[in-house]
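Residue numbers (this note's numbering): 382 to 875.
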């Protein structure tokens, strides 16, 4: 039996794959990855729903068929769903209007019209009905609010309008609460992931004006895991809603007061103002259903032949805000292809030296996977023997655009070498390896237990595709502009 191969190749040599490696690589088929993605992303599967449970059953059954030991592990956590949402401009009278909180639909994209999809919301928002004037606060960082306060802008009792980017959703709300603000609206500005970057979906990669970015506003960087943890305030006390930039534009157009500084100007064709004059008043009304419910991890295991107590863990979360073809289902499909490839190797008598654990996590989108936090808590005693965690969440965000850059580089002297070469070259060799940050499946391993970790993805920047966390992150998106031939899925699995 072959347990792997070592290499003393130089950085520019093309390696010869071992028998085991070649068998694995040759077995990765784009058509199978398409099959897997359709199984995960054909319908909405928000954590804690029946559709979410169906994906857990599918994962466990497939892994068992490939020869892995698979089990579904139930966890109980605080789930968060929207019951009622309203946002309206109530004064001045000439600007009064109801704002549209319904996400747009796309022809031939069934996910954008699926009646089982939850409407745009931000998980763990508080229930509340607030009528107050609105202040534009840039990205909603602590520094942004400090600047407003130091420049005589009253924040207490106001509603903050902030744009996505720079800091996590929950940190925007946390910063607003420190200044006793009454509510928060978070919108996707074109400068970050919309038409300011290029054509919008369905013609291009980026976010159209009626697309909403969902998310969670619990305080993930500080309290990753179950929001019910005793003696920890990890969720907001004020109502919060996401906005499309089409609806945010209506507010920004009507804002008065001083013009915001240049670095606070966004991508919409208007002058962004602070609104400190208090003339624009909104009614923000949110009712949330926050209740304890069940979520389901799937754990697959192949015991090591020589060092079974040492484990390599590879995983991604399975739950999605809607259909989630890119986030997270491209990672789920890739993980399934890896399980299939490992199963093929088991059939020819191979065993890994160390134990391999595959984790299909649940609940990450809403709460950075309380189930992962529980998993690592249960296995913390094995930490010295856990050498590595690998995460795969956004495998195919902008493959077509990225591939064109790769091919152009290969045809240029000094560009990227042929596939299979072992080199340190990248498309941007002057860039350092990025810190992973927080807010994904690796958080409990990387930031809480100090396990060596890596986060793998294709893309120009993290989460740079414009349909992120919307109903437009769909199979139609994937098969028209994301990864039409499933080439990046296959590359990631290999």
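Backbone N, C-alpha and C define an ideal beta-carbon position, used for all residues, glycine too.
- Closest option to residue 736, judged by alpha-carbon separation, among 479, 723, 458, 637: 723.
- Inside the segment 708 to 748, DSSP marks whole beta strand (DSSP E) runs of 3 or more residues at positions 735 to 742, from first to last along the chain.
- The C-alpha of residue 427 lies about 31 Å from the C-alpha of residue 648.
- Per DSSP, residue 421 is one residue of the alpha helix (DSSP H) stretching across 411 to 422.
- Around the beta carbon of residue 859, 16 or more other beta carbons sit within 10 angstroms, so the residue counts as buried.
- Remark: C-beta atoms of residue 467 and residue 850 do not approach each other more closely than 7 Å.
- Under the three-state reduction of DSSP, residue 677 is assigned to strand.
- Under the DSSP assignment, residue 572 falls in the alpha helix (DSSP H) whose first and last residues are 571 to 574.
- Distances from the alpha-carbon of residue 501 to those of 486, 580, 711, 514 put 486 closest.
- Within 10 angstroms of the beta-carbon of residue 519 lie 16 or more other beta-carbons, which makes it buried.
- Setting aside the 5 residues that flank it on each side, residue 861 is surrounded in the same chain by 583, each with a C-beta closer than 7 Å to its C-beta; the list follows chain order.
- Here DSSP, grouped into helix, strand and coil, assigns residue 494 to helix.
- Across the structure, residue 728 and residue 710 are spaced so that their CA atoms are roughly 27 Å apart.
- A straight line joining the alpha-carbon of residue 438 with that of residue 716 spans about 15 Å.
- Taken in chain order, the complete beta strand (DSSP E) segments of 3 or more residues contained in the segment 458 to 528 are 509 to 517.
- Excluding residues up to 5 positions away in sequence, 409, 414, 874 lie with their Cβ nearer than 6 Å to the Cβ of residue 718 in the same chain.
- Secondary structure within the segment 546 to 586: the alpha helix (DSSP H) runs of 4 or more consecutive residues, fully enclosed, are 550 to 559, 571 to 574 (chain order).
- Between residue 696 and residue 740, the gap from beta carbon to beta carbon is short of 7 Å.
- With respect to the 7 Å criterion, residue 539 and residue 562 are classified as neighbours on the basis of their beta carbons.
- The C-alpha of residue 587 is placed about 20 Å away from the C-alpha of residue 866.
- A distance of 7 Å or more separates the beta carbons of residue 425 and residue 483.
- In the DSSP assignment, residue 862 falls outside any alpha helix (DSSP H) and carries neither an H nor an E.
- Less than 7 Å separates the beta-carbon of residue 570 from that of residue 626.
- Between the segment 446 to 458 and the segment 519 to 537 there are fewer than three C-beta pairs closer than 8 Å, too few to call the two in contact.
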